[in-house]
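Here is the structure we will look at.
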Amino acid sequence: MTVALTPLEISADFDSGNITVLDASDPRQVRLAMRPDTRSPHFQWFHFKVGGLTPGQRHSFSLDNAGESSYNKAWSGYRAVASYDHINWFRVDTDFIDGKLQFSLEPTQPQAWFAYFEPYSRERHDTLIARAMTTAGMELLAVGKSIEGRDIQLLRKGDGADGKLKIWLIAQQHPGEHMSEWFMEGVIERLEQTQDAEMQQLLAVADLYLIPNMNPDGAFHGHLRTNAMGKDLNRAWQDSSAELSPEVFFAQAQMTKYGVDLFLDIHGDEEIPYVFTAGCEGNPGFTPRIDQLEQTFRSHLGGLTREFQSVHGYTRDLPGQANMTLACNSVGQTFDCLSLTLEMPFKDNDDLPDAQTGWSGKRSRELASYVLSTVAHMTGTLR
Ligand code: GEM
Ligand code: ZN
Numbered sequence: 000m001t002v003a004l005t006p007l008e009i010s011a012d013f014d015s016g017n018i019t020v021l022d023a024s025d026p027r028q029v030r031l032a033m034r035p036d037t038r039s040p041h042f043q044w045f046h047f048k049v050g051g052l053t054p055g056q057r058h059s060f061s062l063d064n065a066g067e068s069s070y071n072k073a074w075s076g077y078r079a080v081a082s083y084d085h086i087n088w089f090r091v092d093t094d095f096i097d098g099k100l101q102f103s104l105e106p107t108q109p110q111a112w113f114a115y116f117e118p119y120s121r122e123r124h125d126t127l128i129a130r131a132m133t134t135a136g137m138e139l140l141a142v143g144k145s146i147e148g149r150d151i152q153l154l155r156k157g158d159g160a161d162g163k164l165k166i167w168l169i170a171q172q173h174p175g176e177h178m179s180e181w182f183m184e185g186v187i188e189r190l191e192q193t194q195d196a197e198m199q200q201l202l203a204v205a206d207l208y209l210i211p212n213m214n215p216d217g218a219f220h221g222h223l224r225t226n227a228m229g230k231d232l233n234r235a236w237q238d239s240s241a242e243l244s245p246e247v248f249f250a251q252a253q254m255t256k257y258g259v260d261l262f263l264d265i266h267g268d269e270e271i272p273y274v275f276t277a278g279c280e281g282n283p284g285f286t287p288r289i290d291q292l293e294q295t296f297r298s299h300l301g302g303l304t305r306e307f308q309s310v311h312g313y314t315r316d317l318p319g320q321a322n323m324t325l326a327c328n329s330v331g332q333t334f335d336c337l338s339l340t341l342e343m344p345f346k347d348n349d350d351l352p353d354a355q356t357g358w359s360g361k362r363s364r365e366l367a368s369y370v371l372s373t374v375a376h377m378t379g380t381l382r
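See below:
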């Protein structure tokens, strides 16, 4: 005889929540679906809470539309994340079978959250901005507005004096790539270390321009890829507009105002289980100088940490074949500067796998420190 279990309460009506319940009548086997971005067919992000779990009873969840998601080849080798406190996250047993992503948990608590990756909340973002302006000595240089009116903060560490290098880092153009704002937290954390000799050397010659979250609307709504108008911001850098992509329009205006000597666009990748960069090799303005800078960045960062590598990554663009609507390519071309997309995995770094967490917010934060050391190492060569 099958013992009746407490009915489950499944919710996603919170910051970055995304789930649709198809059938939760059997608490042992729940059928769910991911909801697409607003005004866009993109989907892959999920984040939901389950109450009424029976500790010691295995509960299984199936995302029945995973086979139609934006990067449906990326589910192989992927493990969903879970948390009992919405703070500490761990990976759970996951399979991708017949187009359905199936994961299960034998809970120790009566409630749990599940997500595609460790979420970075708007509340934590607001705290991070406050930390940046107080303990990290950054100024709020400008504030743009998203489609729905959320603040896009541009922070600067440094006085903007003539002759200072302008180092730009932007994050989460793609709202589901929450690892990118975890990375930005690591940047700000390092800048809080007032006795950090390497940062003092960097800041003597360079100012840091940070946009920790380029797409707050998409993040809040649990989108994978687009803003509230269904626009992929990393395809808007040739035709940004106040009406459809105000987030990019704002960033470009600030870059034009202050200039750019190094640009890093921080992203996450669904499929490749490594940290890597993509460069501007396909740009019409790509030169041996830029090529050398890209190689120096990659070899130095790879020498600092095994959390970065250059063996695995995207196929290089052919000469003159770059997609100039991407931030990295557009900024690299416009400012003739070192410009890279930095990719962290939704899965894990297979060179240093962590069975408990996979890739995580903590590892994203730690990577940022090595990236800043690499930037500091390169200041004498950027121009
Ligand atoms: C990627 S960037 C793709 C860069 N590809 C090459 N070959 N340079 C995107 O926007 O699709 C970034 C991301 O989504 O993580
Ligand atoms: Zn991205």
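Note that numbering that gives the first Met the number 0 has the sequence shown beginning at 0, numbered continuously upward.
Glycine included, C-beta positions come from ideal geometry on N, C-alpha and C.
Keep in mind the model is a prediction, meaning the values are calculated, not measured.
In the structure shown, the three-state DSSP call for A135 is coil. Ranked by Cα distance from L153, the options A114, L232, V247, P174 are led by V247. With a cutoff of 6 Å, D316 counts as near the ligand GEM, since its C-beta is closer than that to a heavy atom of the ligand. The stretch 271-285 and the stretch 312-322 touch, with three or more beta-carbon pairs separated by less than 8 Å.
The alpha-carbon separation between R305 and Q199 amounts to approximately 25 Å. The straight-line gap separating the alpha-carbon atoms of K256 and Q172 is approximately 20 Å.
DSSP places E191 outside both helix and strand once states are collapsed to three, so it counts as coil. Look at N233: its beta carbon is less than 6 Å from one of the heavy atoms in the ligand GEM.
At least one heavy atom of the ligand ZN is found less than 6 Å from the C-beta of E176. Secondary structure of N71 (DSSP, three-state): helix. For the pair L7 and D92, the Cα-to-Cα distance works out to about 20 Å. In this structure A131 is not in contact with V49, their Cβ atoms being roughly 34 Å apart against a cut-off of 8 Å. For the 7 Å CB-CB criterion, P211 and E180 form a contact. Here DSSP, grouped into helix, strand and coil, assigns M343 to strand. D231 and F345 do not touch by the CB rule: their CB atoms are close to 17 Å apart, not below 8 Å. Contact annotation: the stretch 359-367 touches the stretch 178-193, with at least three C-beta pairs closer than 8 Å. Annotation for E8: no alpha helix (DSSP H) segment contains it, though the beta strand (DSSP E) segment containing it runs 8-10.
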